[in-house]
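Asker: Here you go, one structure.
Protein chains: 2
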Amino acid sequence: MKKTGHSQQMLTFASAAKGDATVTAQAVARHLGLSVSTIGRALADDPRISPATKTRVREAAESLGYVANEAARVMRGGSSKLVGLVLPDIRNDFYATIAQALSACCDREGYRLALCITEDDRELEARQVKELVAARVAGIIVVPTANPRREALAMLCSLPRVQLLRNLPALSADWFGIDDEHCMQAGTRHLLDLGHRRVAYIGGEPSLPTGAARVSGFRAAFRGAGVDPASAVEELGSTTVAFGAQAAARLLACGTPPTAIITGSVQVTLGVLETLHARKVAVPDQLSIVGFGDPSWFKWWREGLTTLQMPIEELATACGLWFLNRLRSKSVGQRPHASITRASLVIRGTTAPPAKTSSITMARVAIGTTKR
Amino acid sequence: MKKTGHSQQMLTFASAAKGDATVTAQAVARHLGLSVSTIGRALADDPRISPATKTRVREAAESLGYVANEAARVMRGGSSKLVGLVLPDIRNDFYATIAQALSACCDREGYRLALCITEDDRELEARQVKELVAARVAGIIVVPTANPRREALAMLCSLPRVQLLRNLPALSADWFGIDDEHCMQAGTRHLLDLGHRRVAYIGGEPSLPTGAARVSGFRAAFRGAGVDPASAVEELGSTTVAFGAQAAARLLACGTPPTAIITGSVQVTLGVLETLHARKVAVPDQLSIVGFGDPSWFKWWREGLTTLQMPIEELATACGLWFLNRLRSKSVGQRPHASITRASLVIRGTTAPPAKTSSITMARVAIGTTKR
DNA sequence: CTGAAAGCGCTAACAA
DNA sequence: TTGTTAGCGCTTTCAG
Numbered sequence: 112m113k114k115t116g117h118s119q120q121m122l123t124f125a126s127a128a129k130g131d132a133t134v135t136a137q138a139v140a141r142h143l144g145l146s147v148s149t150i151g152r153a154l155a156d157d158p159r160i161s162p163a164t165k166t167r168v169r170e171a172a173e174s175l176g177y178v179a180n181e182a183a184r185v186m187r188g189g190s191s192k193l194v195g196l197v198l199p200d201i202r203n204d205f206y207a208t209i210a211q212a213l214s215a216c217c218d219r220e221g222y223r224l225a226l227c228i229t230e231d232d233r234e235l236e237a238r239q240v241k242e243l244v245a246a247r248v249a250g251i252i253v254v255p256t257a258n259p260r261r262e263a264l265a266m267l268c269s270l271p272r273v274q275l276l277r278n279l280p281a282l283s284a285d286w287f288g289i290d291d292e293h294c295m296q297a298g299t300r301h302l303l304d305l306g307h308r309r310v311a312y313i314g315g316e317p318s319l320p321t322g323a324a325r326v327s328g329f330r331a332a333f334r335g336a337g338v339d340p341a342s343a344v345e346e347l348g349s350t351t352v353a354f355g356a357q358a359a360a361r362l363l364a365c366g367t368p369p370t371a372i373i374t375g376s377v378q379v380t381l382g383v384l385e386t387l388h389a390r391k392v393a394v395p396d397q398l399s400i401v402g403f404g405d406p407s408w409f410k411w412w413r414e415g416l417t418t419l420q421m422p423i424e425e426l427a428t429a430c431g432l433w434f435l436n437r438l439r440s441k442s443v444g445q446r447p448h449a450s451i452t453r454a455s456l457v458i459r460g461t462t463a464p465p466a467k468t469s470s471i472t473m474a475r476v477a478i479g480t481t482k483r
Numbered sequence: 112m113k114k115t116g117h118s119q120q121m122l123t124f125a126s127a128a129k130g131d132a133t134v135t136a137q138a139v140a141r142h143l144g145l146s147v148s149t150i151g152r153a154l155a156d157d158p159r160i161s162p163a164t165k166t167r168v169r170e171a172a173e174s175l176g177y178v179a180n181e182a183a184r185v186m187r188g189g190s191s192k193l194v195g196l197v198l199p200d201i202r203n204d205f206y207a208t209i210a211q212a213l214s215a216c217c218d219r220e221g222y223r224l225a226l227c228i229t230e231d232d233r234e235l236e237a238r239q240v241k242e243l244v245a246a247r248v249a250g251i252i253v254v255p256t257a258n259p260r261r262e263a264l265a266m267l268c269s270l271p272r273v274q275l276l277r278n279l280p281a282l283s284a285d286w287f288g289i290d291d292e293h294c295m296q297a298g299t300r301h302l303l304d305l306g307h308r309r310v311a312y313i314g315g316e317p318s319l320p321t322g323a324a325r326v327s328g329f330r331a332a333f334r335g336a337g338v339d340p341a342s343a344v345e346e347l348g349s350t351t352v353a354f355g356a357q358a359a360a361r362l363l364a365c366g367t368p369p370t371a372i373i374t375g376s377v378q379v380t381l382g383v384l385e386t387l388h389a390r391k392v393a394v395p396d397q398l399s400i401v402g403f404g405d406p407s408w409f410k411w412w413r414e415g416l417t418t419l420q421m422p423i424e425e426l427a428t429a430c431g432l433w434f435l436n437r438l439r440s441k442s443v444g445q446r447p448h449a450s451i452t453r454a455s456l457v458i459r460g461t462t463a464p465p466a467k468t469s470s471i472t473m474a475r476v477a478i479g480t481t482k483r
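Protein chains in written order, with our numbering: chain C, 112 to 483; chain L, 112 to 483.
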């Protein structure tokens, strides 16, 4: 930072050229022999300030390295430019995509994201939310845990908020999500149509709104196809890689293993694939599988993973735009708004009709309606 | 939130039970007939306050839903509990892992992360950094762009800071990174040892510190093995999926395509794999490939991708711990500290000796020192 | 067109 | 053990 030579006020001690002590509007004012309010107004482009003064102020501010103190502005009653983003796990492709899209939205409107990772732990979530409130964030975008603490709910409800994917009525917040039930039904239907009967669903606990909807879609497919649900298997647990891997191992080990598996979470899918890979299970000859979500590498798993694909990025962008608009206009709809995005089944190479015998067969049927 | 019945001060209008107007320490004080400072001290667990009052205050604060205003605290001179995390792209597994690890660190120490995604755009970076300074963050953890703007550098240098992966001397900041040059040399060496001569490197521009180090390691391997570097091919560009895909396509299309490719970025690797998959290139029979980084799905690409693996999570955790410690103790080392983490070559199924003829051969040699 | 001053909510120095 | 008060840096009346 070059020190300007204009030594109009070199008498005033520590006139902000000290280097480290943060430069305040006061300092700029002294430097120019003006008052603080003029500085503030000039920088806010107030029409009452003469163009000449404005440029003078702007240049001085620039050269002194003045950066407005947002804390002070917030304290005056203005809400901050910080938006809380509360989600379970940023390594999950789902949430990374969401964060990226929201970050782009926020950036365009001058907002920043405070990233809070809950690991689906309600205590952690409560702490994080409290901190966000303390920081006086403008609002919160949240993928809530299955059962948030009462305090967390109360705090969330005291701010502008929107929920993503998981829809908790207790939050009475607007929601952007996917048609969990229908897409899971479509995926299951695909397997039933291929002739599978012993179909297993591995997914999140039904205490999660999404978990409940997905397992419900799974069951609905059986009813819809007139198939006896007795042959359906359900493994419900945490939406983690570990759970997926264990559940798949359990299913493979049992006396009459399923001929097809459908998963209800990206992480669970990962775990299942890991187990199938480790055990060298022949897919789809011995076992068909339908995944959940569609990170880029799903198409490289064996001949390509048949999966339920959802436009997460679009979903997040829609959510971000809508939320920021609401923040700015303060408009609060009476009933929470709900926006549902449709998912679609992408058929690749991991689903086929079941083998006639329980051993590995040579049959390898090519299917290909939505092949991509 | 239940309203407590203690109507000691029901006369004071709007005694904070109004529901929406944020509850201040003042409000709690009035509610209890105490002074603000007593409230502040009680909540700060000051020894001068009687235990009885402390509990009384704490309960009242709780039931009224009081949350301290951090902006006010910051304005009094305390630094905020916000740490800026500036990185190019959160969908990149590298950076997602880093964010996750740092978030865990910060959370443990009561800090929060402000996520800023630069997309490797220096203008965007400059804007984000300025906003972080305006927000009076306690410090910044940054993966800088190749060539940050002068203003951005100046601002960064005015705060506690640490750089990850990319090491820019201009920042004169502590750095946590990997031994880019050596690991790339090892990967290339592996290919040369297998007998490859026409080896291609596809990676980031040398304007990036990491890009420069990696390409330099690539070249060093040739020198080290006494192989004529004339047969080496270099494709340097942006560290994106698109560039990787295009570069690979270009290499395959040329008259005498390389018999092996080594990549210098996770995203580039993704692009290359995409092209190889689309063109149905026989790997490793027709072409050997060494990837960069090790997201979980690399081991599922064909027979498993041979790759340069680095303990990113440990790196980020080390960085976070060290940085937060520095923030708290204000200790500033004279010379910037540099911490280098070693990467390792993981040999899986995508590297083999080159085919004798230019066409596909049947030879498929199993290699397996570090197989995993 | 510009200046003076109040006040946002909190902490810490000074009183009692 | 508790109360009073000044002041952090900014915006925003109200006065010139």
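Using N, Cα and C, we set each Cβ at its ideal position, and we do this for glycine too.
Any idea what DSSP makes of D285/L, helix, strand or coil?
Answerer: Strand, per DSSP.
Asker: Closer than 7 Å by beta-carbon distance: list the chain L residues that pair up with H388/C, in chain order.
Answerer: Near H388/C (Cβ distances below 7 Å), the residues of chain L are W411.
Asker: Count the other C-beta atoms from every protein chain shown that fall within 10 angstroms of the C-beta of E234/C, then say buried if there are 16 or more, exposed otherwise.
Answerer: So E234/C counts as exposed.
Asker: Are the stretch 133-141 of chain L and the stretch 160-179 of chain L touching, with three or more C-beta to C-beta distances below 8 Å?
Answerer: Segments in contact, yes.
Asker: In three-state terms, what does DSSP make of T452/L?
Answerer: Residue state, collapsed to three classes: strand.
Asker: Please report the Cβ distance between L193/L and V248/L, rounded to the nearest whole angstrom; I am assuming they are in contact, meaning their Cβ atoms lie under 8 Å.
Answerer: Sure, about 5 Å apart at Cβ, within 8 Å.
Asker: Under three-state DSSP, which class holds I423/C?
Answerer: In this structure, I423/C counts as helix in the three-state DSSP scheme.
Asker: Does any residue of chain C have a CB that is nearer than 8 Å to the CB of A393/L?
Answerer: Chain C, which has no Cβ nearer than 8 Å to the Cβ of A393/L, makes this no.
Asker: Buried or exposed: G366/C, going by 16 or more other Cβ atoms within 10 Å of its Cβ?
Answerer: By the neighbour-count rule (16 or more Cβ atoms within 10 Å), G366/C is not buried but exposed.
Asker: Using a cut-off of 7 Å between C-beta atoms, extract the partners of R242/C located in chain L.
Answerer: The residue you asked about is not Arg; residue 242/C is Glu in the sequence shown. Ordered by position in chain L, the residues that pass the 7 Å Cβ test against E242/C are R223.
Asker: Report yes or no: is there a C-beta of chain L within less than 8 Å of the C-beta of Q397/C?
Answerer: No - not a single Cβ of chain L is within 8 Å of the one on Q397/C.
Asker: Residues of chain C with CB closer than 9 Å to the CB of W433/L, please, in chain order.
Answerer: Simply none; closest approach about 20 Å.
Asker: Give me the chain L residues within the contact set of L275/C, using Cβ-Cβ distance strictly less than 8 Å, ordered along the chain.
Answerer: What L275/C touches in chain L: nothing, since even the nearest Cβ is about 15 Å away.
Asker: Taking its Cβ as the centre, do 16 or more other Cβ atoms sit within 10 Å of D218/C, making it buried, or is it exposed?
Answerer: By the neighbour-count rule (16 or more Cβ atoms within 10 Å), D218/C is buried.
Asker: Given a threshold of 16 other Cβ atoms within 10 Å of its Cβ, counted over all protein chains shown, does S77/L qualify as buried or as exposed?
Answerer: Past the boundaries of the shown model lies residue 77/L; chain L is included only from 112 to 483, so the question cannot be answered.
Asker: Using 8 Å for Cβ pairs, my map puts T374/L next to A332/L. What's the rounded Cβ distance?
Answerer: Contact flag wrong, Cβ pair sits at about 14 Å.
Asker: Give the secondary structure of A323/C by DSSP, where H, G and I count as helix, E and B as strand, and everything else as coil.
Answerer: It is helical.
Asker: Does V254/C come out as helix, strand or coil in the three-state DSSP assignment?
Answerer: It is coil, neither helix nor strand.
Asker: L347/C by DSSP, collapsed to three states: which one?
Answerer: L347/C: strand per DSSP, three-state reduction.
Asker: State yes or no: is the beta carbon of C227/C nearer than 8 Å to at least one beta carbon in chain L?
Answerer: Closer than 8 Å to some Cβ of chain L, the Cβ of C227/C qualifies, so yes.
Asker: Considering only the beta carbon of each residue, do A207/C and A225/C sit closer than 8 Å?
Answerer: It is not a contact, given that the beta carbons lie outside the stated cut-off.
Asker: Within its chain, find whatever has a CB closer than 7 Å to the CB of G151/L; leave out the 5 residues flanking it on each side and keep chain order.
Answerer: Counting only Cβ-Cβ distances below 7 Å, and skipping sequence neighbours, we find A136.
Asker: Exposed or buried, which one is I471/C when buried takes at least 16 other CB atoms within 10 Å?
Answerer: Here the model assigns I471/C a pLDDT of 38, short of 50, so the residue's position is not dependable, and the following value carries that caveat. So I471/C ends up on the exposed side.
Asker: By the three-class DSSP mapping on this structure, what secondary structure does Q274/L have?
Answerer: Reduced to three states, the DSSP call for Q274/L is strand.
Asker: In angstroms with no decimal places, state the Cα-to-Cα distance between V244/C and G189/C.
Answerer: Cα to Cα, the separation comes out at about 14 Å.
Asker: Can you pull the chain C residues whose beta carbon is under 8 Å from the beta carbon of Q211/L, in chain order?
Answerer: Neighbours of Q211/L on chain C, chain order: D200, I201, R202, I228.
Asker: Determine the extent of the beta strand (DSSP E) in which S399/C is found, giving its start and end residues.
Answerer: Taken as a continuous stretch (DSSP letters only), the beta strand (DSSP E) holding S399/C covers 399-403.
Asker: Give the straight-line distance between the Cα atoms of A474/C and V394/C, rounded to the nearest whole angstrom.
Answerer: The predicted model places A474/C with a pLDDT of 35, which falls under 50 and marks its position as unreliable; any figure quoted below should be read in that light. Their Cα atoms are separated by approximately 11 Å.
Asker: Please name the residues in the stretch 157-184 of chain C whose beta-carbon is closer than 8 Å to at least one beta-carbon of chain L, in chain order.
Answerer: Answer in chain order: G176, V178, A179, N180, E181, A182, A183.
Asker: Got a sec: is the Cβ-Cβ distance from L548/L to anything in chain C below 8 Å?
Answerer: An answer regarding residue 548/L cannot be provided, because it is not within the stretch 112 to 483 covered by chain L.
Asker: Between the stretch 345-377 of chain C and chain L, which residues of the former have CB atoms less than 9 Å from a CB of the latter, in chain order?
Answerer: Listed by position, the residues of the stretch 345-377 of chain C near chain L (Cβ gap below 9 Å) are V352.
Asker: Can you list the residues of chain L that S407/C reaches, using a CB-CB cut of under 7 Å?
Answerer: Simply L381.
Asker: Can you name, in chain order, every residue of its own chain whose Cβ lies under 7 Å from the Cβ of S469/C, other than the five neighbours on each side?
Answerer: Any reading at S469/C must be qualified, since the residue scores a pLDDT of 44, below 50, and its modelled position is unreliable; the value itself is stated next. Taken in chain order, the list of residues that qualify is empty.
Asker: Only counting the same chain, and skipping five residues up and downstream in sequence, which positions put a Cβ closer than 6 Å to that of I289/C?
Answerer: These residues qualify, in order along the chain: M421, T452, A454.
Asker: For A353/L, which of S407/C, T164/C, S342/C has the nearest alpha-carbon?
Answerer: Cα-wise, what sits closest to A353/L is S407/C.
Asker: Give the secondary structure of C365/C by DSSP, where H, G and I count as helix, E and B as strand, and everything else as coil.
Answerer: It is coil, neither helix nor strand.
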